[in-house]
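Residue numbers (the numbering used here), protein chains in the order written: chain A, 293 to 525; chain Y, 5 to 770.
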């Protein structure tokens, strides 16, 4: 699996993602935001961080970067695109995903471990999880409050586009487990065609026991097995 | 008594005509620039003539307390600074130690107290920015931040404003640059009411061979201003940091710099790329006193001279005078010495990161710090006397009678209290000094860079080192109340606690960076505190073999003439040989045996109990038996290395009862109960809440108890099993001879984790 990790000025999870892709046996390659082509890759990942310092709006300026035309084209042709944290914000900003990410309900940056309940395990990103499985991983953001109009939310739910919801340790989706005020506790979604995914929590920070959780691994191994099926690596 | 180094200029200084519009040099103007008459005499000697206004500004900044260390330098020379593993001691941007596997750790702590007192958000943010630059200018990539904060009591609206602003500032800056915060401390006491303490520490990792210094090497090499443009912010910040605060200080908000962490992130990447490229010979942050200090210090260290042209410095606004450009403390700027012919490559690298690099001067061989404005010279000063010739002083030091009386207060009446202490215990657990600080570090990214093995909230933060089995640990410690009541004993305690925190996570204490926060050193009772603290630190650092590789002195922390508690913050780093040795403070398993290492005593002086329950800051602070402490630390480290322990936690503020509770509650995710029996024949209050040093609470599987106790004995450390870890629903219970403490774990959890959010009106990062 060849993965293009797009780095913008201010990205700061690019290296973490790079190491994570390596860890699962993929081949990561950095793409600088000024480049115009992605090259021969299987997956595109937009890392977390503060592209352009979150100036204007988180993720907004990054969507004007030259590379983004190539990313959109890649997505339109069905290539899998994963945006984490700031990457999720960019995907919403450039219209590849519906909705927007507002300031956290607390109005403060929030950094801690959260629990996610898997809502749909049939996407290419979540196929190694079980529906209802509880995952633990960190969040670290100030603008993670997912927002969309009621109709859009209903459609997302109806089409199985909600992949993860914030939940408590028992898997109950309760308000006290919602760290940022996200509508319907939504933590991660996928587009209609199922190839563009965005999520606020950081799966790449939950891939080794020393980091406190390995629950994020499944996301990356799922992509890997999709592109490098056993025996065809 | 004044020490006058040989200030005879090595080169003749030319006469420099005053610039049009410059004010006339008068005794008042000299005084406004913070120079004493005798210091001004020295300036006249060095120059052999009257200084220009620009030159006066330069001397004012370089000979300020902040840059010149004039009241601290002599005592600081008593600190141990050498060890085989020290690669770079004091005097550079940051200290550097060898941590094995060809790797080196650069680290330093710095204060931003004065700016934070008048503009908490920007003051704290730029404090973080400055310390990051100090580390990456050594060629190291920052891998962790710690913050050591002190405020007045949270019942004051102004304190809440300062507290929330500082935390947001520390968080926003580090979060944006993408450096995890792994620990620190937050302390509240009315002793810091008007003058908060904001100290930020940074750790950076590099290959030992990549070390680069802030030296202006190679005559003729171009000097380049890199990064952000120079504006009018922060002019005279170094001098402002060398004065007491007063009502007028709020008017000095424009002297506080404004931070831009996005530019910092670009500058970080660009600087590391520059250093790797081999096209530069020196690099230094334009920190306090801006271009003036960076250019003159780089010249001073190499013995060369520098010449810079103010007309070539990229500025934000037109009409800036050389005086303003030289003294601006605009953030996110660097001074780089490029190799001859490499200026274009430097520009290209900076361009990739969308930053500017402008050639503003060159290295010369005449030993002079020369400033031009186009064709004309506006300042010409011998570099070495400017950077090293600041007169240093040893002041008179006398203990304050008032504080001596507080220390000698009779506390025996507290020995007769035997009643139920459950209420007092809950009050202590909700004191902001003991309660969980998750409100603070919940606003800091603690996991970015995927290296954090122990996050904030434990005894020390730990970052694993990729590609090796090792990890580094770091902590900051100081109980200002102890130091206030007895500066020497309190400072020894700070060093001991820092080292104890490190062994608790499984790290060997290795080196220290210090941040000495004190009042006005010209006052004899403040100088007494400073001297005693430095002596105590020297003694303890020698014994623990933790040399001091640098740090920062912040004097004049006074508001309306009242000084803060003397607060010599110890930032200590340690090395974990194998990540498998990493130990955390939380109890792990029901049924585990709880062991107390070290002795309980009848000591209650200077305790959090007295502050919270009796509104009293009095008594002798707990003393440290240095040899016993060393034995304890070797024992605990040995236990972690042999994998015997399930948890280790040092006993500090709030005493044994609070330490046990902290281990029982952990991060709050899986709180546990305890059943502990203490058979000591000691009065109840000191037994539960006394803060006697040299104690660690560990837990282990019942089968490992003998081994743990044997190891303790071998190091001469008293140790005994005191109880077991119980399920949450069985409660938190300590039985003493004359008292029983029994509290519901849910209540304890609510108090411990809810205290600070409640005081902040429920506003929290969730």
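Ideal Cβ placement from N, Cα and C applies to all residues, glycine included.
Note that this is a predicted model, so its numbers are computed, not measured.
Y:283 is the residue among Y:308, Y:283, Y:539 whose C-alpha sits nearest the C-alpha of residue 345 of chain Y. For the segment 448-459 of chain Y, the set of residues with a beta-carbon nearer than 9 Å to any beta-carbon of chain A comprises 448, 449, 450, 451, 452, 453, 454, 455, 456, 457, 459, in chain order. Between residue 391 of chain A and residue 444 of chain A, the beta carbon gap of about 6 Å places them in contact (Cβ cut-off 8 Å).
Annotated three-state conformation of residue 759 of chain Y is helix, per DSSP. For residue 357 of chain A, no CB of chain Y lies under 8 Å from its own CB, so it is not counted at the interface with that chain.
From the listed residues Y:34, Y:602, Y:640, the smallest Cα separation to residue 629 of chain Y is found for Y:602.
For residue 162 of chain Y, the enclosing alpha helix (DSSP H) begins and ends at 161-181. Contact check for residue 336 of chain Y against residue 264 of chain Y passes: the beta carbons are separated by less than 8 Å. When Y:178, Y:90, Y:444, Y:527 are compared, the shortest CA-CA separation from residue 133 of chain Y is found for Y:178. Annotated three-state conformation of residue 112 of chain Y is strand, per DSSP. Scanning Y:195, Y:292, Y:185, Y:138 for the CA closest to the CA of residue 562 of chain Y turns up Y:195.
Under the 8 Å Cβ criterion, the segment 395-410 of chain Y counts as touching the segment 528-539 of chain Y, having at least three qualifying pairs. Counted as a single uninterrupted DSSP element, the beta strand (DSSP E) harbouring residue 211 of chain Y occupies residues 201-211. It is roughly 9 Å from the alpha-carbon of residue 318 of chain Y to the alpha-carbon of residue 230 of chain Y. DSSP places residue 23 of chain Y in no beta strand (DSSP E); its state is neither H nor E.
For residue 582 of chain Y, the closest of Y:470, Y:67, Y:343 by C-alpha to C-alpha distance is Y:470.
Per the DSSP secondary-structure output, residue 362 of chain Y pairs in a beta bridge with Y:229. The straight-line gap separating the alpha-carbon atoms of residue 753 of chain Y and residue 158 of chain Y is approximately 21 Å. In this structure, residue 71 of chain Y keeps its C-beta atom at 8 Å or more from the C-beta atom of residue 139 of chain Y. Per DSSP, the unbroken alpha helix (DSSP H) holding residue 638 of chain Y starts and ends at 630-645. Interface annotation for the segment 301-324 of chain A against chain Y: 301, 302, 304, 305, 308, 311, criterion Cβ-Cβ distance under 7 Å.
Under the 10 Å beta carbon count, residue 578 of chain Y is surrounded by 16 or more other beta carbons and is classified as buried. Contact between the segment 327-335 of chain Y and the segment 53-68 of chain Y is present: 3 or more CB-CB pairs across the two stretches fall below 8 Å. Between the alpha carbons of residue 558 of chain Y and residue 515 of chain Y lies a distance of about 21 Å.
Here DSSP, grouped into helix, strand and coil, assigns residue 310 of chain Y to strand. In this structure, the straight-line span from the alpha carbon of residue 641 of chain Y to that of residue 650 of chain Y is close to 13 Å. Take residue 388 of chain A, set aside five residues on each side of it, and the residues of its chain with a beta-carbon closer than 6 Å to its own are 367, 488, in chain order. According to the DSSP assignment, residue 443 of chain Y belongs to the alpha helix (DSSP H) that extends over 442-445.
In the three-state reduction of the DSSP assignment, residue 357 of chain A falls in the coil class, being assigned neither a helical nor a strand state. Under a 10 Å Cβ-count criterion, residue 18 of chain Y is classified as exposed, with fewer than 16 other Cβ atoms of the shown protein chains found around its own Cβ. A distance below 7 Å between beta-carbons, with the five flanking residues on each side excluded, links residue 345 of chain A to the following residues of its chain, in chain order: 302. Boundaries of the alpha helix (DSSP H) around residue 351 of chain Y: 347-356. Straight across, the Cα-Cα distance linking residue 426 of chain Y with residue 208 of chain Y is about 44 Å. Taking one beta carbon from each stretch, the segment 495-512 of chain Y and the segment 44-63 of chain Y have fewer than 3 pairs nearer than 8 Å; the two do not touch. Taking C-beta atoms under 8 Å as the contact rule, residue 306 of chain Y and residue 384 of chain Y fail to qualify, at a distance of about 18 Å. Taking C-alpha positions only, residue 368 of chain Y is separated from residue 374 of chain Y by approximately 9 Å.
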